[in-house]
Structures are given as C-alpha cells and as structure tokens.
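Take a look at the structure below.
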Amino acid sequence: MKYLKIIAFTHKQIELKELGKLVICQENLTPKLQQLKAEFEIPELFYLATCNRVEFVMATSQVIDKDFTKKFIDALEIGICNHYMGAFLDGVSIYQDQEALNHLLRMSCSLESLIVGEKEILAQVRKAYECCKEAGLTGDYLRMVMSRVVKTAKEVYTDTLIARKPISVVSLAYRKLKDLKLCTNARILIIGAGETNRNISKYLQKHKFSNFSVFNRTLSKAQELAADLRGEAFDLSELKNYNKGFDVIITCTSAVSPIITPEIYATLLNGETNKKTIVDLAIPNDTAPEVLEQFPVNFIEVHSLNEVAKNNLQERYQELVHAERIIENNIEEFIPLLKQRQIELAMRCVPEKIKEIRQRALTSVFADEVETLDVQSREVLEKIMDYMEKKYISVPMVMAKEIFVKNSVN
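Offset between the sequence shown (1-based) and this note's numbering: plus 4.
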C-alpha cells in the first residue's frame with residue numbers, strides 16, 4: 005500500500021462554506037488534473053468533490069506533506085489567497101499507505117460523511133473515479149483499489165443497518181421542506197440536473213408535487229430531468245429572464261460563485277413579496293449571502309443539517325462498530341491481493357523472455373542438431389519444449405507470489 009496517498013479537505017476541519025473555494029470548475033477539471041499529473045509526475049490521480057469534502061487520491065511514491073500540498077494547490081490556479089491557503093493547510097488531512105485505504109473505505113461507506121448512512125457518497129466516489137479514468141488519469145493500481153472500495157461499501161450497506169433507513173442530506177432537506185406544508189402545486193424551480201437534484205426530485209414526485217421548471221448549464225440534461233418530472237426545461241442562462249414566479253428554489257450545481265444573486269432573485273420573484281423557500285445543497289452555496297439579507301427566505305442548506313447529523317451518528321453507534329469490522333476484514337484480504345498483482349505486473353515479461361529463449365535454442369543454438377531429427381523426433385522435442393515452457397513460466401511466478409506475500413512489508 006506504499007503508493008496510495010490522499011490529500012483531504014473535509015467538513016471535520018474546515019467550514020463547509022470555505023470548502024467551496026477548493027472546488028474545481030467542471031469545465032476546467034480534466035485539463036487541470038492532467039496538468040497536475042504531468043507537473044508533479046503522479047502516475048495515477050483522481051479528484052473528488054462532494055457537499056462536504058474535496059479530496060485528491062493518488063498513486064505515487066513521492067512524499068506527500070504540507071509543503072507538497074501547498075505547491076499542489078498553487079498549481080491548480082484557482083485563486084486561493086494566502087489567508088485561506090494557511091487555513092486549508094492547517095485543516096488538511098494527509099493519508100498514506102494502509103491509513104489511506106482505511107480512509108477511502110470509511111468515506112465510501114459514509115462513515116466519514118456529515119450524515120452517516122448517506123448512500124449517495126459511494127455513487128459520487130465512483131462517478132469521480134470513472135470521470136478521471138476516462139480522462140486517462142488512473143491506471144491498474146487505483147482500479148484495484150476502487151474495486152475493493154465498491155465491494156466493501158456494498159457489504160456495509162447490505163450487512164449493517166446503517167443505510168436500512170438512511171438519513172441523507174437529500175432526505176433531511178426534503179423533511180425540512182415537507183414541514184413547510186406546501187401545496188402539491190407549488191411552483192418549484194430546480195437549478196442543476198445532477199445526482200443530488202435528481203434524488204430530491206424523486207421525493208417530490210413521490211409525494212405528488214407536479215409543477216417543475218428545470219434549469220441546467222447543459223440543456224439536454226435539464227430536458228431529461230424535466231421529462232421525468234413532466235415539467236419545463238431551460239438553459240441556465242435563461243434564469244435571469246424567467247418571469248413565471250416561484251414558491252421554492254432547489255439548487256445544487258458545481259458553480260464556484262453564486263448563481264442566485266439579488267438581481268436574479270428579484271427577477272424570479274416577478275413582483276411577489278411573500279416569503280419563499282430556497283433549498284441550497286451546493287458547496288459553495290449557489291445563493292449569494294445578500295439574497296438572505298435583502299429578502300424574506302426560508303433557507304435550507306447543508307450546514308444547517310449538522311445537528312441532525314450528530315444525532316444520526318449517536319443512534320448508529322453499534323452499526324458503526326459492525327461497519328468498522330467489515331472494513332478491517334476487507335483491508336486484511338486486499339493487501340495480499342494487491343501484492344500478488346504487483347508481482348504479476350513485475351513478472352509479466354517472463355513469458356516473452358522464455359519464448360525468446362526457446363526460439364533461439366531451436367533456430368540458432370541447436371539448429372544443426374534439430375535439422376538432423378526425423379519428424380517423429382521433432383514432434384517429441386516440441387512436446388517436451390512446450391511442457392518445459394509452461395513450467396518455467398508458472399512455477400517461478402507462483403513461488404515469487406508466495407515469497408512476496410510472506411516476506412514483504414507494506
């Protein structure tokens with residue numbers, strides 16, 4: 005496990021509203037990560053950003069410390085000033101080796117989440133990994149790690165009660181929304197068509213809400229969600245022109261600056277003065293602070309769910325113990341498998357070398373002797389050579405794996 009390293013910025017050490025400053029704009033994500041991979045000579049890398057964490061998972065032999073982290077974040081060129089850089093470096097968590105694997109497994113099983121039992125985190129981790137895999141940022145090492153992550157998380161969600169009655173950010177937000185006793189024909193604007201908004205839309209649809217308008221930067225995704233909800237779809241740029249009024253805004257995008265400004269909010273009100281509701285599940289918030297200062301708003305955000313999360317953690321203590329045991333077992337199983345895979349990769353040239361030796365023996369070293377053999381003798385020789393070739397390939401590899409697993413250390 006000596007190559008697995010993680011740089012993590014999470015809700016545990018850093019305010020949620022500040023975490024958003026570390027989020028990389030989606031349009032720039034792949035080129036920025038490719039630049040980092042090349043500049044720092046990192047063999048494999050993937051990036052994860054959720055509502056309560058920003059993490060960089062990498063496979064590298066380099067020493068990862070706070071000095072490296074500062075250079076790494078500076079290289080992102082996302083405009084982090086010295087003040088915030090100092091705060092981020094004070095709050096960063098750096099994991100390596102087996103500790104990094106343990107963190108990744110705990111995170112994917114939602115044990116590190118603001119809301120324990122939040123199954124969405126596994127989907128978010130997988131999506132982040134697949135995105136980086138498609139961009140050519142990952143390889144065989146992180147492939148094996150992610151395979152174990154998925155296996156472990158599925159076991160935790162299946163074999164413990166952590167997620168039998170999950171209380172996720174989405175479900176908690178919906179409960180708060182439900183407490184407002186809105187009529188089912190309430191005008192709901194959905195900004196962003198990502199997974200979080202799709203999930204909360206399922207709750208709304210299940211409870212007979214029917215009046216939706218969906219806005220998204222990619223119109224086709226807005227149209228897809230709107231079709232499911234039997235609503236209207238708009239390009240995000242049309243938000244400033246929307247004049248049909250609203251009762252609720254549900255927003256969750258990857259934007260790095262506020263989408264709902266006082267000017268846009270005033271336009272959306274279309275002259276109405278009653279108190280509206282905003283459910284903002286984005287990090288950083290999609291809602292500008294000035295909106296809350298200038299207008300009467302029921303504001304529901306991730307940060308406000310923190311107390312519920314603490315109660316959730318206490319109620320699930322015994323399930324956490326069970327989940328921890330599952331994680332420990334998976335780590336114990338995985339380390340020998342990873343070592344075997346490493347030795348397989350290290351020895352994958354052995355079959356080619358043996359075939360080369362065989363060919364040289366037949367066509368060069370013993371060519372004259374082979375020429376004197378009759379057909380039957382040549383067939384016997386070929387059978388012997390085939391048998392020896394297989395044994396010379398399989399036996400050393402099996403022995404090497406056994407020696408490697410028994411004697412190597414992490």
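Glycine included, C-beta positions come from ideal geometry on N, C-alpha and C.
Check	Outcome
Please name the residue, chosen from CYS85, PHE219 and ASP378, that lies closest to ASP239 on a Cα-to-Cα basis.	PHE219
In whole angstroms, give me the CA-to-CA distance for PRO170 and SER398.	Low local confidence applies: a pLDDT of 49 at PRO170 is under 50, so the model's placement there is unreliable, and no value is given.
Span of the alpha helix (DSSP H) holding GLU267?	266-273
Can you tell me whether MET111 is buried or exposed? The criterion is at least 16 other CB atoms within 10 Å of its CB, across all chains shown.	buried
I'd like to know if GLU360 contacts chain D, where contact means its C-beta is closer than 7 Å to some C-beta of that chain.	Among the chains of the structure shown, chain D does not appear; only one protein chain is present.
Beta-carbon within less than 6 Å of GLY95's beta-carbon, same chain only, minus the 5 sequence neighbours each way: which residues are those?	GLN17 and ILE18
Decide if VAL379 is buried, meaning its Cβ has at least 16 other Cβ atoms within 10 Å, or exposed.	exposed
Roughly how far, in whole angstroms, is the beta-carbon of ILE254 from the beta-carbon of ASN302, given that I think they are within contact range, below 8 Å?	Not a contact, Cβ separation roughly 12 Å.
With distances taken between CB atoms, is the gap from TYR145 to ILE10 smaller than 7 Å?	no
Can you find the residues in the same chain that come closer than 6 Å, C-beta to C-beta, to LYS70, ignoring five residues on each side of it along the sequence?	LEU93
Where does the unbroken beta strand (DSSP E) through PHE60 begin, and where does it stop?	57-63
Hey, quick one: how far does the beta strand (DSSP E) through ILE10 stretch, first residue to last?	8-14
Alpha carbon to alpha carbon, how far is VAL173 from ASP284?	11 Å
Please specify which runs of the alpha helix (DSSP H), each continuous and at least 4 residues long, are wholly inside the segment 202-235, giving them in chain order.	223-233
Give, in chain order, every unbroken run of the alpha helix (DSSP H) that is at least 4 residues long and sits entirely within the segment 327-371.	354-364
Quick one, are the C-beta atoms of MET150 and TYR161 less than 7 Å apart?	no
According to the neighbour-count rule (16 or more other Cβ atoms, all chains shown, within 10 Å of its Cβ), is HIS87 buried or exposed?	exposed
Rounded to a whole number of angstroms, what is the C-alpha to C-alpha distance between ALA231 and GLU138?	28 Å
Pull up the distance between the alpha-carbon of ASP390 and that of LYS359, whole angstroms please.	10 Å
Using only alpha-carbon positions, find the residue among ILE287, GLN298, PRO262 and PRO288 that is nearest to ASN278.	GLN298
Out of curiosity, what's the CA-to-CA distance linking ASN56 and SER97?	14 Å
Comparing C-alpha positions only, which one of ARG147, GLU373, LYS244 and SER117 sits nearest to VAL61?	ARG147
Hey, could you find the ends of the beta strand (DSSP E) TYR99 is sitting in?	97-100
For the alpha helix (DSSP H) that contains VAL67, what are its first and last residues?	Unbroken run through VAL67: none, as it is neither H nor E.
Cutting at 6 Å between CB atoms, please list the residues of its own chain near TYR207, excluding the five before and the five after it.	TYR178
What span of residues does the beta strand (DSSP E) with ILE194 cover, start to end?	191-195
Rounded to whole angstroms, what is the Cα-Cα separation between ILE125 and ASN189?	31 Å
Note down, in chain order, each residue of its chain lying with its Cβ closer than 7 Å to the Cβ of PHE50, except the 5 sequence neighbours on either side.	VAL61, ALA132, TYR133, CYS136, LEU141, THR142 and LEU146
Run the CB neighbour count on CYS256, radius 10 Å, all protein chains shown included, and call it buried at 16 or more, exposed below.	buried
If LEU52 sits next to GLU43, beta carbons under 8 Å apart, how far is it from one beta carbon to the other, in whole angstroms?	Their Cβ separation, rounded to whole angstroms, is 20 Å, which puts LEU52 and GLU43 out of contact at 8 Å.
Going by beta-carbon coordinates alone, are PHE13 and LEU26 separated by less than 7 Å?	yes
Any idea if GLY83 is buried or exposed, counting beta-carbon neighbours within 10 angstroms, 16 or more meaning buried?	exposed
With PRO266 and GLU242 assumed to form a contact (beta carbons below 8 Å), what rounded beta-carbon distance in angstroms separates them?	Actually they are not in contact, since the Cβ atoms of PRO266 and GLU242 sit about 18 Å apart, beyond 8 Å.
Can you give, in chain order, each stretch of the alpha helix (DSSP H) that sits fully within the segment 104-149 and has at least 4 residues?	124-138
Does the Cβ of CYS370 have 16 or more other Cβ atoms within 10 Å, making it buried, or fewer, making it exposed?	In the sequence as displayed, the identity of residue 370 is Phe instead of Cys. The residue in question, PHE370, is exposed, as its Cβ has fewer than 16 Cβ neighbours within 10 Å.
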